[in-house]
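So the structure is just underneath, and the comments pick up after that.
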Amino acid sequence: MPSVPDPSTAPCPCGRTDRRDKPIAYAMCCGRYLDDFEHTPAPDAESLMRSRYTAFVRERAEYLLGTWHASTRPASLDFEPDVRWLGLDVRGRSMSDADHAEVEFVARQRGASGTASRLHERSRFVRESDAEGLSRWYYVDGDLQARA
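Start counting the sequence shown at 3; every next residue gets the next number (the working numbering).
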């Protein structure tokens with residue numbers, strides 16, 4: 003029987019690489035935030051955005067809803083069946099102050115029909131303290147960007 007690779011050592015779906023341009027393992031990248039959400043918040047807006055992409059890949063609705071700002075959070079989240087996420091490209095990031103940031107990215111996917119598509123968005127994030135006083139970044143909303 004072929005061995006099943008350990009998902010924690012597989013490259014993180016977000017595509018982050020180390021200084022030598024080698025993929026970082028899920029457990030050392032977004033896995034820290036998805037698998038220990040209560041104690042390990044993403045340290046910055048880009049890390050939160052990357053971890054949210056990974057949560058979409060792994061269909062982790064609880065993480066997505068937990069990192070969505072209460073002012074814009076939907077009541078529930080459903081995933082489209084048979085979507086295959088193909089990659090993430092971070093195009094830019096900016097801070098307007100210590101607690102407000104934007105991240106521009108392109109996420110590529112292929113639907114059940116086999117047609118590939120891309121989501122190009124400039125997302126807004128805010129940092130606030132949670133109920134336990136832990137400083138967390140939250141996704142607020144985003145503007146879809148026109149295809150160049």
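Just so you know, even glycine gets a beta-carbon here, dropped at the ideal spot from N, CA and C.
Quiz item: How many whole angstroms separate the CB atoms of Glu106 and Arg93, which I take to be in contact at a CB cut-off of 8 Å?
Solution: Yes, they are in contact, since the Cβ atoms of Glu106 and Arg93 sit about 4 Å apart, within 8 Å.
Exercise. State the DSSP-derived secondary structure class of Gly94, mapped to helix, strand or coil.
Key: Residue state, collapsed to three classes: strand.
Exercise. Kindly indicate which three-state DSSP category Asp143 falls into: helix, strand or coil?
Key: Three-state result, Asp143: strand.
Exercise. Would you list the one or two residues that DSSP bridges to Thr134?
Key: In the sequence as presented, Thr is not what sits at residue 134; that position holds Glu. Bridge partners of Glu134: none, in fact.
Practice problem: Starting from the N-terminal side, write out each stretch of the alpha helix (DSSP H) that is 4 residues or longer and does not extend beyond the region 32-89. | Solution: Here the runs fully enclosed are 33-37, 47-59, 63-68.
Self-check item: Reduced DSSP category for Ala148 - H, G, I as helix; E, B as strand; rest coil
Solution: Collapsing the DSSP output to three states places Ala148 in coil.
Self-check item: Coil, strand or helix - Ala29 by DSSP
Solution: Residue state, collapsed to three classes: helix.
Quiz item: Roughly how many whole angstroms lie between the Cα atoms of Arg2 and Ala133?
Solution: This structure cannot settle anything about residue 2, because the visible part of the chain is limited to 3 through 150.
Quiz item: Along the chain, where does the beta strand (DSSP E) that runs through Arg21 open and close?
Solution: Arg21 -> no beta strand (DSSP E), and no H or E assigned at all.
Quiz prompt | Segment limits, beta strand (DSSP E) that includes Ala109 | solution = Where Ala109 is concerned, the enclosing beta strand (DSSP E) stretches over 102-112.
Quiz item: Beta-carbon of Ala114 versus every beta-carbon of chain D: anything under 8 Å?
Solution: Absent from the structure is chain D; it holds one protein chain and no more.
Quiz item: Touching or not, the region 67-74 and the region 135-146, by the rule of three or more beta carbon pairs under 8 Å?
Solution: Short answer: they touch.
Quiz item: Given 8 Å as the limit, is there contact between the region 26-42 and the region 72-79, that is, 3 or more CB pairs closer than that?
Solution: Output reads no: the region 72-79 does not touch the region 26-42.
Practice problem: Answer yes or no: do Ala47 and Arg95 have a C-beta to C-beta separation smaller than 8 Å? | Solution: Yes, they are a contact pair.
Self-check item: In DSSP terms, what Ala118 is bridged to
Solution: Bridge partners of Ala118: Arg112.
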